[in-house]
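Input: a single structure, listed below in structure tokens.
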DNA sequence: CAAGAATTATGAACCC
DNA sequence: GGGTTCATAATTCTTG
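Protein chains in written order, with our numbering: chain A, 1 to 93; chain B, 94 to 186; chain C, 187 to 279; chain D, 280 to 372.
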């Protein structure tokens with residue numbers, strides 16, 4: 001460590017420094033590992049969308065559908081109603 | 094179009110419709126399952142950041158650190174690609 | 187809610203509705219106008235890239251060059267920020 | 280220039296080099312200028328969305344509306360129909 | 001037209 | 001809790 005000479009360093013300083021460095025290393029490694037897994041899952045999801053496309057489904061619509069399923073039905077209803085209101089306000093059929 | 098909506102559909106159409114509907118269900122369910130897992134991982138990552146914060150680390154720095162570790166290989170690659178393509182653009186290979 | 191849809195609305199409601207509808211129209215029209223201009227600019231940029239290609243330049247290199255000219259200041263800034271925040275994280279200021 | 284010694288260089292090489300360099304410079308500058316303008320417009324658009332939000336409009340719905348106005352009505356119809364079909368296939372009301 | 005990059009939009013997190 | 005920045009998702013555009 002840069003600020004400790006061998007004989008002047010207290011046990012405490014050395015220990016604290018090492019502990020912090022080890023802790024940091026552990027944190028970074030765990031996060032990076034989980035991010036790898038996340039990335040793998042994202043890739044799997046992408047593959048399924050490709051499969052869906054090949055099977056003739058409209059991917060854009062599929063995404064919208066899945067987004068809707070995450071929302072409360074009331075929320076979906078509310079948004080659809082609002083779109084409608086705005087459309088009429090602009091004279092869009 | 095992936096499936097049929099007419100209720101007067103012939104047996105063939107209906108069958109096709111069912112097959113497509115089953116396929117769609119399968120696709121949606123698999124995607125939703127993977128997204129759940131993704132969400133769980135995101136939550137785990139968040140927990141580690143919280144832990145890091147409690148341990149006295151600066152979360153913003155940590156994030157940037159991890160981002161930079163990710164980018165470094167990409168940047169090296171990018172530079173090499175650029176040099177390569179410059180050569181070609183200048184007719185040096 | 188921004189405006190009213192009931193056709194039995196009182197004069198007040200109706201007025202509010204009209205005002206809101208006019209406001210909405212104004213907003214939408216202004217946004218669409220600006221988006222048109224944006225699109226025109228994008229088209230102009232595309233033309234210049236075509237011209238560059240015709241003149242024998244490698245468009246991919248060109249794009250990367252321009253990207254890098256944009257990023258450089260941001261990167262410098264980012265580095266400075268990181269150093270700064272590291273200092274704080276390490277209790278050096 | 281790296282590959283020309285002063286006395287061996289032909290006038291042609293030098294000229295070609297200058298012309299190319301000037302041309303490149305012109306191209307880069309024009310593109311960067313147009314991109315600046317584009318950026319300014321993007322900022323203006325953002326401001327209008329802010330204004331809309333302050334006026335009580337739902338920005339997300341507003342964006343969707345503007346997206347729809349860019350499409351052909353038939354296309355909009357088609358997508359809405361498709362969503363509906365998928366929803367029913369999944370038993371979503 | 002399919003793959004991949006780049007832009008844009010949405011959603012989450014943090015600070016005030 | 002509101003608003004602003006940051007991170008992720010999604011669409012659009014480009015290129016092979």
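The beta carbon of each residue, even a glycine, is placed where N, CA and C say it ideally should be.
So with CB distances below 7 Å, who are the chain A contacts of residue i?
{"i": "residue 342 of chain D", "result": "Chain A residues near residue 342 of chain D: none, gap ~11 Å exceeds 7 Å."}
{"i": "residue 207 of chain C", "result": "89"}
Mapping DSSP to helix, strand and coil, what is residue i?
{"i": "residue 263 of chain C", "result": "helix"}
{"i": "residue 337 of chain D", "result": "coil"}
{"i": "residue 51 of chain A", "result": "helix"}
{"i": "residue 92 of chain A", "result": "coil"}
{"i": "residue 206 of chain C", "result": "helix"}
{"i": "residue 351 of chain D", "result": "coil"}
{"i": "residue 101 of chain B", "result": "Bear in mind that the predicted position of residue 101 of chain B carries a pLDDT of just 48, short of 50, making it unreliable; the figure below should be weighed with that in mind. Three-state DSSP puts residue 101 of chain B in coil, outside helix and strand."}
How big is the Cα-Cα spacing for residue i and residue j?
{"i": "residue 333 of chain D", "j": "residue 295 of chain D", "result": "57 Å"}
{"i": "residue 309 of chain D", "j": "residue 140 of chain B", "result": "48 Å"}
{"i": "residue 311 of chain D", "j": "residue 166 of chain B", "result": "28 Å"}
{"i": "residue 80 of chain A", "j": "residue 57 of chain A", "result": "23 Å"}
{"i": "residue 237 of chain C", "j": "residue 299 of chain D", "result": "13 Å"}
{"i": "residue 305 of chain D", "j": "residue 264 of chain C", "result": "30 Å"}
{"i": "residue 114 of chain A", "j": "residue 350 of chain D", "result": "For residue 114 of chain A there is no data in the structure shown, the boundaries of chain A being 1 and 93."}
Excluding the 5 residues preceding and the 5 following residue i in the sequence, name in chain order all residues of the same chain whose CB lies nearer than 7 Å to its CB.
{"i": "residue 339 of chain D", "result": "none"}
{"i": "residue 355 of chain D", "result": "347"}
I believe residue i touches residue j by the beta-carbon criterion, under 8 Å. Please report the beta-carbon distance rounded to the nearest angstrom.
{"i": "residue 362 of chain D", "j": "residue 214 of chain C", "result": "23 Å between Cβ atoms; not a contact."}
{"i": "residue 365 of chain D", "j": "residue 134 of chain B", "result": "About 28 Å separates the two Cβ atoms, so there is no contact after all."}
{"i": "residue 34 of chain A", "j": "residue 115 of chain B", "result": "In fact, because the Cβ distance is near 34 Å, the residues do not count as touching under 8 Å."}
{"i": "residue 317 of chain D", "j": "residue 224 of chain C", "result": "6 Å"}
At a CB-CB cut-off below 8 Å, which residues of chain D make contact with residue i?
{"i": "residue 127 of chain B", "result": "Neighbours of residue 127 of chain B on chain D: none; closest Cβ ~17 Å, over 8 Å."}
{"i": "residue 224 of chain C", "result": "317, 320, 321, 324"}
Keeping to the same chain, check which residues put their C-beta closer than 8 Å to that of residue i; ignore five residues upstream and five downstream.
{"i": "residue 129 of chain B", "result": "none"}
{"i": "residue 235 of chain C", "result": "245, 248, 249"}
{"i": "residue 184 of chain B", "result": "none"}
For residue i, which residues in chain B fall below 7 Å Cβ to Cβ?
{"i": "residue 30 of chain A", "result": "141"}
Anything in chain C within Cβ reach of residue i, meaning under 8 Å, just list it in chain order.
{"i": "residue 178 of chain B", "result": "244, 246, 247, 250"}
In chain A, which residues lie less than 9 Å from residue i when you measure between Cβ atoms?
{"i": "residue 358 of chain D", "result": "58, 60, 61, 64"}
Give the residues of chain D in contact with residue i, contact being defined as C-beta atoms less than 7 Å apart.
{"i": "residue 238 of chain C", "result": "306"}
{"i": "residue 24 of chain A", "result": "Going along chain D, no residue has its Cβ under 7 Å from residue 24 of chain A, so there is no contact; the nearest lies around 38 Å."}
By the criterion of Cβ-Cβ separation under 9 Å, what are the contact partners of residue i in chain B?
{"i": "residue 55 of chain A", "result": "95, 113, 116, 117, 120"}
Keeping to the same chain, check which residues put their C-beta closer than 6 Å to that of residue i; ignore five residues upstream and five downstream.
{"i": "residue 18 of chain A", "result": "none"}
{"i": "residue 293 of chain D", "result": "none"}
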